[in-house]
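Numbering (our numbering), first residue to last: 9 to 140.
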């Protein structure tokens, strides 16, 4: 291979490598490091989200403070969740009471099997199965 041809190959390789490095830098600048009009943040930014939604009651960290995994960042107001738990407990208690009533009604119908129609007994059994 002649020196001229070797220098052309080396120059082409160097230009390609330079273009790849520039593309990598641009990608890192625009994708990995968020930026604003008045400055650019070069540190990694991690989005955080609570497992539940609600109003933030207290924030335990300051801007640019280093945090570790498991550190509390904020506290969410628990009142709405306590209310939801109480509501679900009341619904559960109501369902249990409905089941108890349907069971009692079915037992009465079974005892009165000769005095009431078979349809009433069947309806009571069906209502009990639905309540379960």
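Here a beta-carbon is modelled for each residue, glycine too, at the ideal position from N, C-alpha and C.
Asked	Found
Start-to-end residues for the beta strand (DSSP E) that takes in residue 84	82–84
Alpha carbon of residue 122 to alpha carbon of residue 116, nearest angstrom	11 Å
CB of residue 110 within 7 Å of CB of residue 136, strictly	yes
For residue 22, the first and last residue of its enclosing alpha helix (DSSP H)	11–35
Selected residue, minimal CA-CA separation from residue 114, among 75, 91 and 128	128
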